[in-house]
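In my numbering, the protein residues as written are 16 to 739.
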């Protein structure tokens, strides 16, 4: 088989391994952070906001500054939205293709690192075979590893995919050398503008030269003389290639974020914010170990590791000790590989040692930066953070496979190769089963959090996620116990209290709703929602003064939250401050013209002030948008009064009375029996004004017969009879 054909087959297998296990994801919807970051984010619904994307942070929420800057990720989503529309399927497909591209780069990097012979000898043929299998196995396992599912399955995982893809591309072109290196500054810039974790590109490029894998060293035969022999010079030259791209990315980042305040890290997301130095070191060591173990045994996998999911460790605890031992093991192994490489004379062995050293250093450095050791990040632990650092372990695996095939003793080689093949087969079969389960879990929020509460019930946030998902499905009775479980794990999370507040408010359990509203307001004082609930509760309890105070306090915290304007209008109307109430209703209608309920509530206030013409225009819109008997009755009455208030002198008096009668007849036909008398009364008044006295008197007689205790009807009937 020709060399190129063999590598093309390997590339095809890697592509299939990256796409086929995830094929079900194309039918998935917007899940978890996708809803906020993509589905409800107007900035990425086309390229119209490209300048805003370049000049603002990733989440762009003033109340929760993040100082994250990922314009390449957002622009890729915006361009795709513009070309293909809002359906989530094509976003998921693009993620799969990006993951496949990254997997192919892993294949290429391993192949370039391990190929040492170019002489068409028997040894060269064996070297090509061994390298091809090692590179293919590493690429396939990387493509199928379940730990990567959190980067591949959600649309927001594109940040991980793009940053890793461009980082790998940078490494690949620097290993190629020649004209390909002109791609390096662009790839480095795009990597840094995709996600902050791509800052690892600088030490990774330096490590590439340090271990003799940059273009100059690969082109030669790799003399392994440790960090000397010009390796620092090679690292400097490679870093110069990416320097312009890094500088441009940093400049754009500074321009967008220099006025953004530092983010406030939440204890619920990262308990290390309240830990001391010793606990921070011990916990970081344990997290490093956990990341390593999840690569070997990726089960269970869950979307959240917040408070109590992973406890803060101490130096004397087993997790802390295990983590420190792992750190020591990694440091000793990297040092040993460096020393061994200096003594090795075989070119193939030197290449394998170099790749293994690079892989271990790649994983260690990347994982240390995400394990909260040097600086705190927004989460204690996250599976998606392993996508780029974890590549190092697959480089190590490739080096071990190459070493197994290169054993000189036939028996040892047979045993080693058999073990490798067995592990590879078992790994791929196990990964397929896990990916099938994982892909199904990410099909919807409800499926994701149902599975997560089974796999990792200590995470309070997955219980909140399950509760919110059930609420969105209208299953309030099922949502409540899930939220209560979240509250039992972590009682100070505002979203939990918000959900329970909403459930109890909808169920009419107002005292419980108020309790959670007060706690929610205490935890998140800038959120307007608890103020609205408390305002409505006070108004319902007959205390409009307190209701207005709550509404105004909420408006002060967030003047753009329209439900609070409605609450303020209702309370002001109940207090007789009609003009103030009308102004609030007008503001709501201006901001949200489709909100018919605001017009319906404004109408009676206009009628109270006898502003008949305004009431007529208002109720015409209400009847057109959401017709019901009450709106028709109000339209009939306002039209009728707009004529009688002017003694019938209006030029369109006849048309107004015709409109009033039609609306009144509609109200009579639609009104329930318990309310029909009001519509009949309105129709009778209109008929009498139009001179249809007999019909009006007949209707009034009907009302008097049905309601003999209503003196107003009897008085009106006597007056009309006397007017004959």
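We put the beta carbon where it would ideally sit given N, CA and C, even for glycine.
Put residue i into one of helix, strand or coil per three-state DSSP.
i: residue 717; result: helix
i: residue 392; result: coil
i: residue 126; result: helix
i: residue 228; result: coil
i: residue 233; result: Low confidence applies to residue 233: its pLDDT is 46, below 50, so where it sits in the model is not reliable enough to give any reading.
i: residue 647; result: helix
i: residue 295; result: helix
i: residue 239; result: Per-residue confidence for residue 239 stands at a pLDDT of 42, beneath the threshold of 50, marking its modelled position as unreliable; the derived number appears in the next sentence. It is coil, neither helix nor strand.
i: residue 322; result: coil
i: residue 457; result: coil
i: residue 685; result: helix
i: residue 676; result: helix
i: residue 733; result: helix
i: residue 280; result: coil
i: residue 65; result: helix
i: residue 600; result: helix
i: residue 290; result: coil
i: residue 381; result: helix
i: residue 452; result: helix
i: residue 591; result: coil
i: residue 690; result: coil
i: residue 607; result: coil
i: residue 403; result: coil
Decide if residue i is buried, meaning its Cβ has at least 16 other Cβ atoms within 10 Å, or exposed.
i: residue 163; result: buried
i: residue 273; result: exposed
i: residue 615; result: buried
i: residue 401; result: buried
i: residue 352; result: buried
i: residue 117; result: buried
i: residue 469; result: exposed
i: residue 20; result: exposed
i: residue 325; result: buried
i: residue 331; result: exposed
i: residue 26; result: buried
i: residue 315; result: exposed
i: residue 652; result: buried
i: residue 99; result: exposed
i: residue 738; result: exposed
Tell me whether the beta-carbon of residue i lies closer than 8 Å to the beta-carbon of residue j.
i: residue 189; j: residue 223; result: yes
i: residue 93; j: residue 413; result: no
i: residue 172; j: residue 29; result: no
i: residue 547; j: residue 579; result: yes
i: residue 696; j: residue 732; result: no
i: residue 53; j: residue 106; result: yes
i: residue 216; j: residue 230; result: no
i: residue 121; j: residue 378; result: no
i: residue 167; j: residue 37; result: yes
i: residue 654; j: residue 629; result: no
i: residue 199; j: residue 257; result: yes
i: residue 300; j: residue 329; result: no
i: residue 179; j: residue 380; result: no
i: residue 808; j: residue 287; result: Missing from the structure shown is residue 808; the chain here goes from 16 to 739 and no further.
i: residue 176; j: residue 373; result: no
i: residue 313; j: residue 467; result: no
In chain order, what residues of the same chain have a beta carbon less than 8 Å from the beta carbon of residue i, not counting five sequence neighbours either side?
i: residue 589; result: 554, 559 and 562
Could you pull out every residue in the same chain whose Cβ sits closer than 7 Å to the Cβ of residue i, ignoring the five residues on either side in sequence?
i: residue 613; result: 581, 600, 603 and 604
i: residue 475; result: 321, 322, 323, 501, 504, 505 and 508
i: residue 303; result: 338, 341, 342, 382, 383 and 386
i: residue 416; result: 148, 149, 152 and 435
i: residue 46; result: 169, 457, 459, 460 and 463
i: residue 497; result: 478, 481, 482 and 485
i: residue 728; result: 715, 718, 719 and 722
i: residue 446; result: 159, 160 and 161
i: residue 233; result: Note that residue 233 scores 46 on pLDDT, short of 50, meaning its location in the model is unreliable; the coordinates nonetheless yield the value given after this. Only 127 and 190 meet the Cβ criterion.
So, at 6 Å on beta carbons, what are the nonlocal neighbours of residue i in its own chain, with the 5 sequence-adjacent residues on each side left out?
i: residue 650; result: 634, 638 and 678
i: residue 573; result: 543
i: residue 686; result: 644 and 694
i: residue 202; result: 181, 184 and 185
When every heavy atom of the ligand SAH is checked, does at least one fall within less than 7 Å of the C-beta of residue i?
i: residue 284; result: Inclusion of the ligand SAH in the displayed structure is not the case, the ligand content being empty and no account of it being possible.
Examine chain B for any beta-carbon lying closer than 8 Å to the beta-carbon of residue i, and answer yes or no.
i: residue 303; result: The chain inventory of the structure shown lacks chain B, comprising one protein chain alone.
Whole alpha helix (DSSP H) elements within the region 475-549, 4-residue minimum: Counting only runs of 4+ residues, the alpha helix (DSSP H) found wholly inside the region 475-549 occupies 475-487, 491-504, 509-521 and 525-538, in chain order.
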